[in-house]
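Read through the structure below, which is laid out as structure tokens, and then see the notes.
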Amino acid sequence: MEEQQHPTYLTPQHSGGGLHKTNSDYNASLLKEGHKINEKVKSLVKKFEDKIAACKLKQDQVNDYKIHITDKIDQFFDMVIKRINDRREKLKVDYKNIEAKEKRRLKSKQMKMERDLQELRAYYNDFQDFFSEFDSEMDYLANKASLDGQIQELQAIEKELKKSTQFFKSSDFKFPTFSYLNTELELLDNLGKINNNSDFSMPLVAFNTHTLQIYNYQEAHRDFQEIKFTDEDQLAQHDLPRYFKTLYIPDDRFLLVGGQERNVPISSQKSYLIDDKGKLGYVGEMTMGRQYFAMCGDYENECAYVIGGYNHERGIMNSVEKFNFKARKWLPAEQINHARINAAACKCGNKYLYLFGGLDKKDFLDSIERFNLQLDIWTVLKIRMPNRVANLFAYSLNSEYIILMGGMKKKQEEFVPKESKKVYELDNRVFAFKTSNQKWKDLKPFPFKKKFGSIQYNGYGKFFCNVIEDNKELPQLFVYDVRTAFPQFDKYWENERNQREGLQKIKGKDIKFHLAYSLSSKQEKQHGIMTYSTYESTSMPKPLDKELMDYIGEPIHMQESSVGVQHKAVELQELSFE
Numbered sequence: 001m002e003e004q005q006h007p008t009y010l011t012p013q014h015s016g017g018g019l020h021k022t023n024s025d026y027n028a029s030l031l032k033e034g035h036k037i038n039e040k041v042k043s044l045v046k047k048f049e050d051k052i053a054a055c056k057l058k059q060d061q062v063n064d065y066k067i068h069i070t071d072k073i074d075q076f077f078d079m080v081i082k083r084i085n086d087r088r089e090k091l092k093v094d095y096k097n098i099e100a101k102e103k104r105r106l107k108s109k110q111m112k113m114e115r116d117l118q119e120l121r122a123y124y125n126d127f128q129d130f131f132s133e134f135d136s137e138m139d140y141l142a143n144k145a146s147l148d149g150q151i152q153e154l155q156a157i158e159k160e161l162k163k164s165t166q167f168f169k170s171s172d173f174k175f176p177t178f179s180y181l182n183t184e185l186e187l188l189d190n191l192g193k194i195n196n197n198s199d200f201s202m203p204l205v206a207f208n209t210h211t212l213q214i215y216n217y218q219e220a221h222r223d224f225q226e227i228k229f230t231d232e233d234q235l236a237q238h239d240l241p242r243y244f245k246t247l248y249i250p251d252d253r254f255l256l257v258g259g260q261e262r263n264v265p266i267s268s269q270k271s272y273l274i275d276d277k278g279k280l281g282y283v284g285e286m287t288m289g290r291q292y293f294a295m296c297g298d299y300e301n302e303c304a305y306v307i308g309g310y311n312h313e314r315g316i317m318n319s320v321e322k323f324n325f326k327a328r329k330w331l332p333a334e335q336i337n338h339a340r341i342n343a344a345a346c347k348c349g350n351k352y353l354y355l356f357g358g359l360d361k362k363d364f365l366d367s368i369e370r371f372n373l374q375l376d377i378w379t380v381l382k383i384r385m386p387n388r389v390a391n392l393f394a395y396s397l398n399s400e401y402i403i404l405m406g407g408m409k410k411k412q413e414e415f416v417p418k419e420s421k422k423v424y425e426l427d428n429r430v431f432a433f434k435t436s437n438q439k440w441k442d443l444k445p446f447p448f449k450k451k452f453g454s455i456q457y458n459g460y461g462k463f464f465c466n467v468i469e470d471n472k473e474l475p476q477l478f479v480y481d482v483r484t485a486f487p488q489f490d491k492y493w494e495n496e497r498n499q500r501e502g503l504q505k506i507k508g509k510d511i512k513f514h515l516a517y518s519l520s521s522k523q524e525k526q527h528g529i530m531t532y533s534t535y536e537s538t539s540m541p542k543p544l545d546k547e548l549m550d551y552i553g554e555p556i557h558m559q560e561s562s563v564g565v566q567h568k569a570v571e572l573q574e575l576s577f578e
């Protein structure tokens, strides 16, 4: 049996000083570990305190941001309320303006209906007198048809008067999402937008700029009706210049500007207003006299611009002035880059005015300048016109397209005889200029090369062109319908759907026209032409330098005699391009 072994224990007698040394090292180690633990505890406490401080700072920032957001929301809703109130007031003004236009239109229609009714009654009385001379029933039946036609026309007039007017409508309301401030404010600007469907438009008024005769063209009757004007101060006899230019102002007035003084070859500074009742009034002077300038209206900003032109002392100018419709004052505007006369100008869209062609001291021009209405800057565009043309006409069809027509251009030298002093020829081409991509489109040309005294645009695609023939006859009235020359424009004639009965129907691709009215007598026929013009004639000013006269030709010499119009019906003719 093996002997059991027992562990051996060291006693103080056996270890001696070794045990004391071991305890000291152990205590030192414990103390060191304790210091480390204390340092870690202090570090954790500091980190915890820093974390608490950071959380408090974050909480303060969150509270500040809440206050900022709350203030911003309050400001936003204040702006929303203000913008809604402003929009409401603007809609009231728009409604009042449209209502006033509709009242004027209805008043005009009522006056026309009353005149038609009076004519019908007079015709009826004449017919009754005529009928009383017949005893037999057959005579009555033989003449009854003409009276039945008049009665049917009267019944149609009464039916038309009973129709209710629909001249505006409001767009559908959309609830705002209030996601972004700018988006919502723009949405508020479009709330309750009124679409003006009233058929009241600019009147087709023709001016004789030499004798101051005013004619309103009635499209339905294809007839000119002379407007009798009241001239209490006798301005027309003494002060009104010749060859002035005119512009329609939406409150049923025409602005008469510049031209040449009546008895002396001096450029006029004067401007006048004539209202729809024919009352003529003086409104002030431009900064400097001018004639043969370009003129266009900025109806959105309620002002008119006169651009360039000729002054008897300074010659061809590059200055520009604008007339404020409300203040009735002339103000200076930014100058054009290239001085010119007999150019054409129009506004296209909400931002730009365009200036086309004209003449300088040396040559015909094909340059185009564009005026930024927001920045007041004229810029010369890189794109050029298809021809170098002066005395042309420019009209804006919509926010993208401008129509150019008429004018004169320089002949090619190989086709000009040496003995000839006239180096220009009339231009019959018509162009459409697309402003968005600055491209030209060649439309159907006029089937003739004749001089335009004036062109009036009815706003729905028809251009009423007064054509001067050799400065010896009355102008012939031609109607150019751009809808047949450029069918792509059809989508822009929304208003035509409501007025088909009142518009002249033009079929195919022909330009329809009729002759204007003959002079009252042979003696009057020997005198000059009647220059109907919302723009002045193509004649040049007498004091212009001879070198400019070589390009334009001789001026139109007008006589002092009055020119009358015979009011009789004329037949409509067709002129085919084919």
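Per the UniProt record's numbering, residue 1 is the first one in the sequence shown, and the count goes up by one each step. Built from N, CA and C at the ideal position, the CB exists for glycine as well. A quick note: this is a predicted structure, and the numbers were derived from the prediction, not measured.
Mark residue i as exposed unless 16 or more other C-beta atoms lie within 10 angstroms of its C-beta, in which case mark it buried.
{"i": "S367", "result": "buried"}
{"i": "S436", "result": "exposed"}
{"i": "T484", "result": "buried"}
{"i": "C346", "result": "buried"}
{"i": "V380", "result": "exposed"}
{"i": "Q291", "result": "buried"}
{"i": "Q260", "result": "buried"}
{"i": "R384", "result": "exposed"}
{"i": "M317", "result": "buried"}
{"i": "D358", "result": "Reading the sequence as shown, one finds Gly at residue 358 and not Asp. With 16 or more other Cβ atoms within 10 Å, it is buried."}
{"i": "residue 579", "result": "With the chain represented from 1 up to 578, any question about residue 579 goes unanswered, as that position is not in the structure."}
{"i": "D78", "result": "exposed"}
{"i": "Y354", "result": "buried"}
{"i": "I151", "result": "exposed"}
{"i": "S24", "result": "exposed"}
{"i": "V93", "result": "exposed"}
{"i": "M111", "result": "exposed"}
{"i": "L365", "result": "buried"}
Spatial neighbours of residue i within its chain, please: C-beta separation below 6 Å, excluding the five flanking residues on both sides.
{"i": "M286", "result": "Q269, E321 and W330"}
{"i": "I227", "result": "I214, N216 and G278"}
{"i": "D298", "result": "K347"}
{"i": "I266", "result": "H312"}
{"i": "residue 586", "result": "Past the boundaries of the shown model lies residue 586; the chain is included only from 1 to 578, so the question cannot be answered."}
{"i": "G406", "result": "L392, F393 and F452"}
{"i": "V205", "result": "N216"}
Measuring straight from C-alpha to C-alpha, what distance separates residue i and residue j?
{"i": "K411", "j": "K451", "result": "16 Å"}
{"i": "N391", "j": "D116", "result": "40 Å"}
{"i": "E423", "j": "R88", "result": "Just to set this straight, residue 423 is Val in the shown sequence, not Glu. Distance between the alpha carbons of V423 and R88 is about 60 Å."}
{"i": "N372", "j": "K351", "result": "6 Å"}
{"i": "K382", "j": "E153", "result": "57 Å"}
{"i": "V80", "j": "N458", "result": "40 Å"}
{"i": "A516", "j": "K449", "result": "Residue placement at A516 is flagged as unreliable, the pLDDT there being 30, under the threshold of 50; a coordinate-derived value is accordingly withheld."}
{"i": "L443", "j": "N342", "result": "23 Å"}
{"i": "S454", "j": "F207", "result": "9 Å"}
{"i": "I73", "j": "V62", "result": "16 Å"}
{"i": "Y460", "j": "I307", "result": "26 Å"}
{"i": "L247", "j": "N97", "result": "20 Å"}
{"i": "D71", "j": "Q59", "result": "18 Å"}
{"i": "V467", "j": "T230", "result": "29 Å"}
{"i": "F127", "j": "Q456", "result": "39 Å"}
{"i": "K326", "j": "I67", "result": "46 Å"}
{"i": "C303", "j": "D64", "result": "50 Å"}
Residue i bridges to which residues according to DSSP?
{"i": "C55", "result": "The partner list for C55 (beta bridge, DSSP) is empty, contrary to what the question assumes."}
{"i": "F431", "result": "L404 and D442"}
{"i": "M317", "result": "According to DSSP, which records beta bridges pairwise, M317 is partnered with nothing at all."}
{"i": "M295", "result": "V306"}
{"i": "P332", "result": "E321"}
{"i": "F371", "result": "L353 and W378"}
{"i": "F393", "result": "M405"}
{"i": "G284", "result": "S271"}
{"i": "T70", "result": "T70 pairs with nothing; no bridge assigned."}
{"i": "residue 580", "result": "The shown model of the chain, from 1 to 578, leaves out residue 580, and the question about it has no answer."}
{"i": "R242", "result": "Q260"}
Starting from the C-beta of residue i, find all residues in its chain whose C-beta is less than 7 Å away, skip the five residues before and the five after it, and write them out in chain order.
{"i": "D360", "result": "I316, H338, A339 and R340"}
{"i": "D275", "result": "D252 and R253"}
{"i": "K82", "result": "none"}
{"i": "P386", "result": "F431 and W440"}
Near residue i, what residues of its chain come up, given a Cβ to Cβ distance below 8 Å and the 5 sequence neighbours on each side ignored?
{"i": "W493", "result": "Since pLDDT at W493 reaches only 47, below the 50 mark, its modelled position is unreliable, and the value read off the structure follows with that caveat. Y460, G461 and R483."}
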